[in-house]
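Trainee: Below you will find the structure I want to go over with you.
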Amino acid sequence: MRDILDQIAQVAAVVLLSPLLQGFILRYEERAQRGQGPSLLQPYRDLFKLFRKQQLVPVTASWVFWSAPVVAFTAMLTVPILIPVLTDFPLPQSDMGDILGGGLVLTLGTFFVNLAALDTGSAYGGIGASRTVMIAILAEPILILVFVGITLMAHAMLPFVVNHLLVARPEVYWSPTHLFLIAAFFVLLLTETDRLPIHSSTHIEVYMIEEARVLEYSGPLLALLKWSSMMKQFILYTIFCHVLLLPWGLSKLGTAMGLAGAVLGIAIKFALVACAVVGVETAQSRLRFYRYQEPLAAAFLLAVLAIVANQIR
């Protein structure tokens, strides 16, 4: 029974804490640019307002337009079952898929949102979807290579096994393979959370990618899309911290005190990673969109080096 409650707690943590992470990132980003910044709770207020607004649907939209937010949100509810969010031991349903399966579920939501952006026939939706696919052509092979490198390093595809290996064996943690994988996944983290210097998280038409895809949405469907995007960011931070960078601080027994300590650890670890992400983003000048392949090519090389280093050690 406790394992089932721990499973529910993991999913609830992702659902409830993901807007708080987004609020921290937005506030720290404004502070880094010498601004005041919004409240940490502003994303919760935005979601609440969107759920209360009227739903408007373009006349050209089909069933894809309606289903994309639901599929994206549901996919983000599935991934926390497969990865160590609060506990360092597998929970009842965590054997449904491995780390590669979790990555495929993450891309499922993106695929449906891209279809919905094209479904309405909007010019901005088409631009956002095409740019997303152009970036994904390079980003997703890197994601697969990183997962292959993790599998070769740990001789397993379950993220819980990788977590235990890194905690138990410091020589593996400080190995070139693991360090290359950390660097490659950090670039992927910047890409998947729209933090590369070619992105814009605002409505600047020249640069917007994520906002362009959901420009035709409003009301509750837009709230689901924004919430699923925050959850995806939280999940990527979880994989980066608990499977690669900072595998310590998770609950070992699944008790209430252990879960509370794990939540506190998440707050500290995610804040450190978020500060690093915002620092990298604000330190770079804006690049032309077609230079997006440069950081992704570097990440691809790092992932290949990780695999090679693992084979020759």
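Using our numbering, the letters of the sequence shown map in sequence onto residues 1 to 313. Glycine included, every Cβ here is placed at the ideal spot set by N, Cα and C.
Measure the CB-CB distance between threonine 177 and alanine 309 and report whether it falls below 8 Å.
Mentor: Yes, Cβ-Cβ distance for threonine 177 and alanine 309 is below 8 Å.
Trainee: Identify every residue that forms a DSSP beta bridge with serine 251.
Mentor: Looking at the DSSP assignment, serine 251 forms a beta bridge with Thr87.
Trainee: Less than 8 Å between the C-beta atoms of glycine 97 and leucine 82, yes or no?
Mentor: Yes, they are a contact pair.
Trainee: Under a Cβ-count criterion, where at least 16 other Cβ atoms within 10 Å of its own Cβ denotes burial, should alanine 212 be classed as buried or exposed?
Mentor: Buried.
Trainee: Pull up the distance between the alpha-carbon of phenylalanine 10 and that of alanine 260, whole angstroms please.
Mentor: The amino acid at residue 10 is misidentified as phenylalanine; the sequence shows glutamine. Spanning the two alpha carbons is a distance of roughly 11 Å.
Trainee: Which word fits threonine 282, buried or exposed, when buried means at least 16 other C-beta atoms lie within 10 angstroms of its C-beta?
Mentor: Exposed.
Trainee: Rounding to the nearest angstrom, what Cα-Cα distance links tyrosine 44 and glutamate 294 in this structure?
Mentor: Looking at the two C-alpha atoms, the distance is approximately 35 Å.
Trainee: Is there at least one Cβ from chain C nearer than 8 Å to glycine 103's Cβ?
Mentor: This model lacks chain C altogether; it includes just one protein chain.
Trainee: Quick check: what's the CA-CA separation for glycine 254 versus proline 141?
Mentor: Answer to the nearest angstrom: the Cα atoms are 35 Å apart.
Trainee: Where does alanine 223 fall in DSSP's three states?
Mentor: Helix, per DSSP.
Trainee: Measuring CB atoms only, is the region 270-280 touching the region 149-158, in the sense that at least three cross pairs come out at less than 8 Å?
Mentor: Too few Cβ pairs lie closer than 8 Å, so no.
Trainee: Would you identify the three-state DSSP class for tyrosine 290, choosing helix, strand or coil?
Mentor: It is helical.
Trainee: Looking at glutamate 210 and serine 228, is the spacing between their C-beta atoms short of 8 Å?
Mentor: No, the pair does not count as a contact, with Cβ atoms beyond the cut-off.
Trainee: Which same chain residues end up closer than 6 Å to leucine 65 when comparing Cβ atoms and leaving out the 5 residues on each side of it in sequence?
Mentor: According to the sequence as given, residue 65 is phenylalanine; it is not leucine. For phenylalanine 65, where only same-chain residues beyond five positions count, the Cβ hits under 6 Å are Ala116, Asp119.
Trainee: Quick one: what's got a C-beta closer than 6 Å to isoleucine 307's C-beta in the same chain, skipping five residues either side?
Mentor: Cβ neighbours of isoleucine 307 beyond the five flanking positions: Gly149.
Trainee: Classify tyrosine 290: buried if its beta carbon has 16 or more other beta carbons within 10 angstroms, exposed otherwise.
Mentor: Under this definition tyrosine 290 is an exposed residue.
Trainee: Pair every Cβ in the region 34-41 with every Cβ in the region 92-106, then say whether three or more of these pairs are closer than 8 Å.
Mentor: With a cut-off of 8 Å, the region 92-106 and the region 34-41 do not count as touching, because too few Cβ pairs lie within range.
Trainee: Tell me which residue opens and which closes the alpha helix (DSSP H) that lysine 102 is part of.
Mentor: The residue you asked about is not lysine; residue 102 is glycine in the sequence shown. Taken as a continuous stretch (DSSP letters only), the alpha helix (DSSP H) holding glycine 102 covers 99-119.
Trainee: Applying the 10 Å Cβ sphere with the 16-neighbour rule, what's the burial state of lysine 252?
Mentor: The residue in question, lysine 252, is exposed, as its Cβ has fewer than 16 Cβ neighbours within 10 Å.
Trainee: In whole angstroms, give me the CA-to-CA distance for cysteine 241 and lysine 269.
Mentor: Looking at the two C-alpha atoms, the distance is approximately 7 Å.
Trainee: Pick from Leu26, Leu246, Met257: whose alpha carbon is nearest that of alanine 168?
Mentor: Measuring from the Cα of alanine 168, the nearest candidate turns out to be Leu246.
Trainee: As an exercise, report each continuous beta strand (DSSP E) stretch of at least 3 residues that is fully enclosed by the region 138-206, in chain order.
Mentor: DSSP runs (the beta strand (DSSP E)) wholly in the region 138-206: none.
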